[in-house]
Amino acid sequence: MTSDTAHTGFGAHSTTADVLAGIELAGKTALVTGGYSGLGLATTRALTRAGARVVVPALRPDAARQALADVPGVEVDQLDLADLASVRAFALRFLRSHPALDILIANAGIMACPETRVGPGWEGHLAINHLGHYALTNLLWPALTAPDTARVVSVASGRNPAWRVRWDDVQFERGYDKWEAYAQSKLANILFARHLDLVGRPHRVRAFSVNPGWIRTPLQRHLAVEEMVAAGWIDADGTPAPGLFKTVEQGAATQVWAATSQHLDASGGDYCADCRITTDGSPTDSSEAARLWALSADLTGLDLVGRA
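Position one of the sequence shown corresponds to residue 276 (the numbering used here), numbered consecutively onward.
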């Protein structure tokens, strides 16, 4: 990755084109989960324009191929993050054909969905947003440690210092709340990146979590219009509140920046927003991150990174 030292003035309105200006990714392999819709699609387009070969694991491969039909340098494969057997099968196929992985962007996710149980009864947000990506990262570890350096970017959300992992009921078996479940999964994304960077650093794998900001994408598909009006996101006609939402290119900029900027070569484990590292309200408790890692290893039966 060539240096981007001349491009340090990024912010909320920066786009993927801005943060990739002067960066050459030819010869690099990237993987973007959910890379065919919303922020993922903008991320895939940006990385391919910079020369990367991008693998897009998709729950709906046919839909992904259609969405990416005009994007060169993309490979689509099937992956269901809610199904560990699917994650294992995808990882095996990937490792057979890709000796190295330079960038992994854990972008796919769900938000505020009705109560959903997957696998052995796992709550859907935790399973898809966190555990599936935890398992995928572990299973792709041989490819991530093959290049000189690799980056893992965990796409989280805007955070609240009051967010907590419900340690005594992580699967929300005693009362389900869609927003609490979503918040727990997004906090898990942040804590995951923090601990992954700790254990990955000796192997030249650095990790970051990012808040893309407010963007209108299919992520809001489970929300009723009335709910978004009541929250002040849109008016009764569906018009977004002025100045609230970024474009998808602006929203995807932070994850692209975190995946490619050489300004971050000496950093890791950080939470980023608006193309900058931020510490406001950051859950930096390493013991919480380690506890989540241990829980994830126990639930999935995987801890290849921790033993690497």
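Just so you know, even glycine gets a beta-carbon here, dropped at the ideal spot from N, CA and C.
Taking 8 Å as the cut-off, the Cβ atoms of Gly543 and Arg481 count as close. Shown here for Asn404: same chain residues with a beta carbon closer than 6 Å to its own, the five before and five after excluded, namely Gly384, Ser460 in chain order. Bridge partners of Ile378 according to DSSP: Ala305, Arg426. DSSP, reduced to helix, strand and coil, places Ile385 outside both helices and strands of the structure shown, so it counts as coil. Where Phe285 is concerned, there is no enclosing alpha helix (DSSP H), because DSSP gives it neither an H nor an E.
Assigned with DSSP and collapsed to three states, Arg392 falls in strand. Listed in chain order, the alpha helix (DSSP H) runs fully inside the segment 403–482 are 407–414, 416–419, 453–475, counting runs of at least 4 residues. Residue state for Pro487 is assigned as coil, using DSSP reduced to three classes. Under the three-pair Cβ rule at 8 Å, the segment 390–398 does not count as touching the segment 340–347. For Gln353, the enclosing beta strand (DSSP E) stretches over residues 349–353. Going by DSSP, Ala333 is part of the beta strand (DSSP E) stretching over 328–333. With at least 16 other beta carbons inside 10 angstroms of its own, Asp545 counts as buried. Rounded to whole angstroms, the gap between the alpha carbons of Leu401 and Leu539 is 28 Å. Residues Ala357, Ile385, Cys388, Glu390, Thr391, Arg392, Val393, Ala456 of the same chain have their beta carbon placed closer than 8 Å to that of Gly399, with the five preceding and five following residues left out of the count. The C-alpha of Phe369 is placed about 10 Å away from the C-alpha of Ala375. Ile298 has no beta-bridge partner at all, per DSSP.
In the DSSP assignment, Cys547 is bridged to Val485, Ile552. Boundaries cannot be given for Leu577, as no alpha helix (DSSP H) includes it and DSSP labels it neither H nor E. Residue nearest to Thr420 within the set Ala463, Val474, Ser429, Ala381 is Val474 (criterion: CA-CA distance). Between the segment 314–323 and the segment 289–301 there are three or more C-beta pairs closer than 8 Å, enough to call the two in contact. Across the structure, Tyr409 and Asn382 are spaced so that their CA atoms are roughly 12 Å apart. The beta carbons of Pro487 and Thr529 sit closer together than 8 Å. It is roughly 19 Å from the alpha-carbon of Val331 to the alpha-carbon of Pro417. Rounded to the nearest angstrom, the Cβ distance from Ala468 to Phe483 is 6 Å, consistent with a contact under 8 Å. For the set Arg439, Leu406, Trp532, Asp377, the Cα lying nearest the Cα of Arg426 is the one of Asp377.
Counting other Cβ atoms within 10 Å of its Cβ, Glu299 stays below 16 and is therefore classed as exposed.
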